[in-house]
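What follows is a short report on a single structure.
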Amino acid sequence: MSDLGSEEFEEEAETDLGEYDGERNAAGERHGHGRARLPNGDTYEGEYAYGLRNGLGTYRFKNGARYIGEYLQNRKHGHGIFMYPDGSKYEGEWVEDERHGNGVYYYANGDTYTGEWFNHRRHGQGTYIYADTGSKYVGGWVNGSQEGGAELIHLNHRYQGKFVNKYPIGHGKYVFDIGCEQHGEYVQSDLDKGEEEEEEETSAVISPKWKATKITKLTLWTPAPEKPPPPEEPAAAAAAAAAAAEEEPANAVSPISVAAEVVESAEPPAEESTEAITSPKESEEEEEVNKEDEVDQGEEERETINTNLEEKEEETKEADETDISRDD
């Protein structure tokens with residue numbers, strides 16, 4: 000991507016001062032706030048000091064460009080915004096009419112660069128965003144070109160490695176959002192090397208080739224299980240238990256003892272005697288025997304009672320007969 004800001008907009012030499020309306024000092028120099036129209040059609044409105052633009056001001060070029068910012072002795076110096084005729088814009092720091100320091104450049108095609116500048120060029124650490132693809136380069140710059148350790152971020156993957164003259168070179172890796180990494184390196188092919196020996200300019204245009212060496216998996220994110228509620232504090236639990244004990248009646252059964260009984264009743268007996276196990280048929284036979292025994296016992300009792308009654312009757316008769324004989 001070409002740097003649209005490299006185009007220079009020369010201002011008219013101060014030999015022909017043009018028209019001026021504003022403050023002056025005792026020596027008659029432009030000093031303070033004023034408005035000027037240069038012979039080439041450019042205009043300036045802002046601060047002057049000893050005949051030179053100095054301080055905040057707005058300079059309008061006849062071709063449509065405009066600068067709003069700080070000046071120092073007729074040069075853009077400090078913080079300022081430069082709007083170019085093609086619609087691009089730079090906002091940031093200036094040193095002696097050059098972009099220098101930190102700034103943001105908005106290109107006419109929608110791309111943006113945010114980072115460091117040196118002598119009017121991208122230099123240092125910066126981020127370049129491509130408007131048409133949404134890709135983003137984050138890393139080093141040297142004299143306006145991508146160079147050094149960097150990360151090139153795309154929609155669903157990214158490359159991490161080293162760049163030289165805007166091309167990746169050497170070892171690096173691609174990180175994919177699907178959960179894997181592809182490690183490898185960018186190398187010059189044999190054809191490229193031959194061309195480089197014949198003509199360096201031709202080989203410089205050909206990009207290096209990617210050779211993958213291995214693929215490693217990433218740990219996929221999984222939702223964490225729901226955490227149980229935190230346990231109650233010992234003091235709070237003891238107080239709650241005491242309050243519950245006060246509310247219960249004196250003959251109330253403890254929940255702990257009930258739970259123990261339920262557990263005991265739910266558990267099957269460890270050993271069962273074979274004698275205790277009887278079939279339904281055997282149970283019926285035992286019931287019939289018991290009933291017969293009960294009937295026999297009842298008959299014996301009735302016989303015993305009848306025998307006793309008969310003996311008493313006989314004794315009574317004998318007593319009566321004895322009394323009669325005595326009377327005779």
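Heads up, the sequence shown is in numbering that gives the first Met the number 0, so the first residue is 0 and it goes up one at a time. Glycine is no exception: its CB is placed at the ideal position from the N, C-alpha and C atoms.
Do you know offhand how far residue i's Cα is from residue j's?
| i | j | result |
| --- | --- | --- |
| T201 | S144 | Only weak support is given to the placement of T201: the predicted model assigns it a pLDDT of 45, under 50, and the value that follows is read from those uncertain coordinates. Rounded to the nearest angstrom, the two C-alpha atoms are 18 Å apart. |
| H170 | K213 | 12 Å |
| Y83 | F60 | 10 Å |
| S87 | Y105 | 5 Å |
| Y158 | T215 | 15 Å |
| G50 | N39 | 19 Å |
| R65 | A130 | 24 Å |
| K210 | E180 | 14 Å |
| N62 | K172 | 47 Å |
| P207 | I168 | 7 Å |
| L151 | D20 | 53 Å |
| V174 | Y136 | 15 Å |
| F162 | I205 | 14 Å |
| I67 | R52 | 12 Å |
| H156 | W140 | 22 Å |
| A48 | R29 | 7 Å |
| S134 | G178 | 19 Å |
| K165 | N73 | 36 Å |
| G31 | G79 | 20 Å |
| Y185 | E146 | 14 Å |
| A26 | T132 | 59 Å |
| F117 | G109 | 23 Å |
| T71 | G100 | For clarity, residue 71 is Leu in the given sequence; the question names Thr instead. For L71 and G100, the distance between alpha carbons rounds to 16 Å. |
| F81 | N24 | 30 Å |
| L55 | Q187 | 52 Å |
| R98 | E90 | 9 Å |
| H119 | N142 | 9 Å |
| I357 | A107 | Outside the modelled stretch of the chain, which goes from 0 to 327, sits residue 357, for which no answer is possible. |
| D346 | E46 | Outside the shown range of the chain (0 to 327) lies residue 346, about which nothing can therefore be said. |
| L331 | G77 | For the chain, the structure presents residues 0 to 327; residue 331 sits outside this window and is missing. |
| G33 | R121 | 34 Å |
Could you round the C-beta distance between residue i and residue j to whole angstroms and report it? I think they count as a contact, below 8 Å.
| i | j | result |
| --- | --- | --- |
| T57 | E44 | 5 Å |
| E364 | A35 | This structure does not reach residue 364, given that the chain is present from 0 up to 327, and the question cannot be answered. |
| G102 | E92 | 6 Å |
| G125 | T113 | 6 Å |
| G331 | G138 | Because residue 331 is not part of the residues shown, which for the chain are 0 to 327, the question remains open. |
Would you decide whether residue i is buried or exposed? Buried here means 16 or more other CB atoms lie within 10 Å of its CB.
| i | result |
| --- | --- |
| K75 | buried |
| E115 | buried |
| H182 | exposed |
| G160 | buried |
| W41 | Reading the sequence as shown, one finds Asp at residue 41 and not Trp. Buried: at least 16 other Cβ atoms inside 10 Å. |
| L154 | exposed |
| L217 | exposed |
| A275 | Note that A275 has pLDDT 41, beneath the 50 cutoff, so the model's placement of it is unreliable and no number is given. |
Please find out if some non-hydrogen atom of the ligand SAM comes closer than 7 Å to the beta-carbon of residue i.
| i | result |
| --- | --- |
| Y47 | This structure lacks the ligand SAM; in fact it carries no ligand of any kind. |
Inside the stretch 135-159 only - beta strand (DSSP E) runs reaching at least 3 residues = 135-141, 144-152
If you scan the stretch 95-141 from start to end, which runs of the beta strand (DSSP E) of 3 or more residues do you find wholly inside it?
-> Complete beta strand (DSSP E) runs here, min 3: 97-105, 111-117, 120-128, 135-141.
Entirely within the stretch 18-58 and at least 3 residues each: give me those beta strand (DSSP E) ranges in chain order.
-> 18-23, 29-36, 42-48
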